[in-house]
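Single-structure report; data block below.
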Amino acid sequence: MANKADEQSTISNSSSAVIDPKSGFCSTTKIFHSLRPKAPLPPQNTPLSVTHYFLSHLQHSPPPPSTPALLDAATGLRVLYPEFTRRVQSLAFSLQSHLGLSHGDCAFILSPNSLHVPVLYLSLFSLGVIVSPSNPASSIPELSRQIHICKPAVAFATSATAHKIHSLRLGTFLLDSAEFESMMTSPAPAEPRRVQVSQSDTATILYSSGTTGRVKGVALTHRNWISTLAASYAVRSAASASPQAAVALCTVPFFHSYGIAFCLRVLAMGDTLASISGRFDLVAMMRAIERFRITHVGWAPPVVVAMVKHGDGNETGGYDLSSLQVIACGGAPLAKSVIDKLKKRLPNIQVAQGYGLTETAARVFGAVGPEETRVEGANGKLMPNIEVKVVETDSETGIGLPP
């Protein structure tokens, strides 16, 4: 540390360990602590699913009824918030009463991004059913391996992906069928039977090859996802680029932890979640940004690279992208040269990079707000409630390194 000992101010945590107020580093435990305000969390022993936590916040701070929750950026179809919450509740009732899904079951999901997927996730979470989504482009052997890992009772697919899934106990249901639409729109009881879900229950099983190359299932609990949302609520005022509701386009797949976190955060804030189904198309995305005045986008680095290469010198390929305020990017670092080129085309945007893992249910570090996003190439600061230890890669002791 550069500061002299008599000049260095300190703060203490509840265990009286000394934490540096500038770096968050504790010299006693060798752990870095987030310097952001703490995100309040519900007591761990309180039965609570991520869906009910999510809905309780929406009820406490409801968006205007005319606000779209979901937007299909290809067709223009909108689902307003009152209808969205009804669909979540109706589908949960249908899955429980007609399909027979129960707490602890697992549902395997093989679908591109669509308006149905967020509704399905939240309905399943509310029942204590484990959500295990996969890449619809995966091969049959790859999917068989994942199905062996999660042992699902039921699958939800589309007419284009269902043939990849072998027979399951409760069958395979098509998200693009009239039957599924009916399950979302059929009336549900005013007081449906609530399933008691513990925060320690597994909410999702996601897939990662990690460092070995062979796919592994990563189990995340309801508490993990609740913590992710709590952190988002805690930084909301700093993150807001405008007092108006955001219209956020997610190009990241909903089967990925980044995509799930993006989806849940946008909806939990009462903003509009836009998506485009099918394979990624740069021109279709820019057309959607122009048509629907998209304010926020969730991109992976290859999309940013494609953006800066598009148009042969025409700043935005002829499309009006002036509504864009924030570009969230994660999955790999962005080179400063790429960010510079992007900002030449879109000079008024914030590039909010972040770092996370499948195992952490989204961001560990994140750049939040205009001040932090001005530091180009940085992943931002530790998110609320996060603690990190930095150790030597060849260390067997696990002793933490100082700043």
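Here the sequence shown is numbered in full-length UniProt numbering, starting from 1 and rising by one per residue. All residues carry an ideal CB built from backbone N, CA and C; glycine is no exception. Because the structure is a prediction, the values reported are computed rather than measured.
Tell me the DSSP secondary structure of residue i in three-state form.
i: Phe254; result: coil
i: residue 424; result: Residue coverage of the chain in this structure runs from 1 to 403, which leaves residue 424 outside it and unanswerable.
i: Gly298; result: strand
i: Tyr355; result: strand
i: Ala248; result: strand
i: Ile276; result: coil
i: Gln350; result: strand
i: Gly366; result: strand
i: Ser27; result: coil
i: Ala284; result: helix
i: His33; result: strand
i: Ser132; result: strand
i: Lys309; result: helix
i: Leu382; result: strand
i: residue 404; result: The question about residue 404 has no answer here: the residues shown for the chain are numbered 1 through 403.
i: Ile11; result: Note on Ile11: pLDDT 42, under 50, position unreliable in the model; no value is reported.
i: Ile327; result: strand
i: Ile399; result: coil
i: Val303; result: helix
Excluding sequence positions up to five away, which residues of its chain have a Cβ less than 8 Å from the Cβ of residue i?
i: residue 426; result: Here the chain comprises residues numbered 1 to 403, so residue 426 is not present and cannot be evaluated.
i: Lys381; result: Ser34, Leu35, Arg36, Phe365, Gly366, Ala367, Val368 and Glu372
i: Pro301; result: Cys329, Gly331, Ala332, Pro333, Leu334 and Val338
i: Ile31; result: Phe25, Glu387, Val388, Lys389 and Gly400
i: Gln59; result: none
i: Pro42; result: Leu48, Tyr53, Gln199 and Ile226
Keeping to the same chain, check which residues put their C-beta closer than 6 Å to that of residue i; ignore five residues upstream and five downstream.
i: Leu110; result: Ser134, Pro136, Ala157 and Thr161
i: Met1; result: Note that Met1 scores a pLDDT of 32, beneath 50, so its modelled location is shaky; the value from the coordinates is reported in the next line. Cβ neighbours of Met1 beyond the five flanking positions: none.
i: Thr51; result: Leu122, Phe125 and Ser126
i: Ile289; result: Leu321
i: Pro118; result: Cys263
i: Arg265; result: Ser232
Residue i: which of the options sits nearest, CA to CA?
i: Ile140; options: Ser123, His166, Leu120 and Ser132; result: His166
i: Asn385; options: Thr228, Leu174 and Pro118; result: Thr228
i: Ala69; options: His60, Phe93, Thr85 and Glu359; result: Thr85
i: Leu95; options: Ala284, Asp72, Phe180 and Thr67; result: Phe180
i: Tyr53; options: Val218, Trp225 and Thr28; result: Trp225
i: Val308; options: Thr295, Phe292, Ala231 and Lys336; result: Lys336
i: Ala231; options: Met383, Pro42 and Phe255; result: Met383
i: Thr172; options: Ala361, Ser114 and Ser159; result: Ser159
Pop quiz: residue i and residue j are said to be a contact at Cβ under 8 Å. What is the actual Cβ separation, rounded to whole angstroms?
i: Val197; j: Ser90; result: Wrong, their Cβ atoms sit about 19 Å apart, outside the cutoff.
i: Leu170; j: Ala153; result: 5 Å
i: Pro192; j: Phe93; result: 5 Å
i: Val131; j: Ala107; result: 6 Å
i: Gly128; j: His103; result: 4 Å
i: Leu80; j: Ala274; result: Going by Cβ atoms, the distance from Leu80 to Ala274 rounds to 14 Å, so no, they are not a contact pair.
i: Thr251; j: Val297; result: 7 Å
i: Thr295; j: Val247; result: 5 Å
i: Pro403; j: Ser23; result: 5 Å
Which residues in the same chain as residue i place their Cβ atom closer than 7 Å to its Cβ, once the five residues preceding and following it in sequence are excluded?
i: Arg287; result: Tyr319
i: Ile11; result: In this predicted model, Ile11 has a pLDDT of only 42, less than 50, meaning its place in the structure is not dependable enough to derive any value.
i: Gly313; result: Here Gly313 scores only 45 on pLDDT, less than 50, and its place in the model is too uncertain to base an answer on.
i: Ser200; result: Thr221 and Arg223
Please indicate yes or no: does the CB of residue i lie closer than 7 Å to some heavy atom of the ligand NAD?
i: Thr228; result: Ligands displayed in this structure: none; no statement on the ligand NAD is therefore possible.
Original post:
What are the complete alpha helix (DSSP H) segments, minimum 4 residues, inside the segment 48-78?
Top reply: 50-60, all fully within the segment 48-78.
Original post:
Mind pulling the beta strand (DSSP E) runs of 3 or more residues that sit fully within the segment 147-226?
Top reply: For secondary structure counted as the beta strand (DSSP E) over 3 or more consecutive residues, the segment 147-226 holds these complete runs in sequence order: 154-157, 172-174, 202-208 and 216-221.
Subject >> Complete runs of the alpha helix (DSSP H) confined to the segment 79-114 [at least 4 residues] >> reply: Listed in chain order, they are 81-97.
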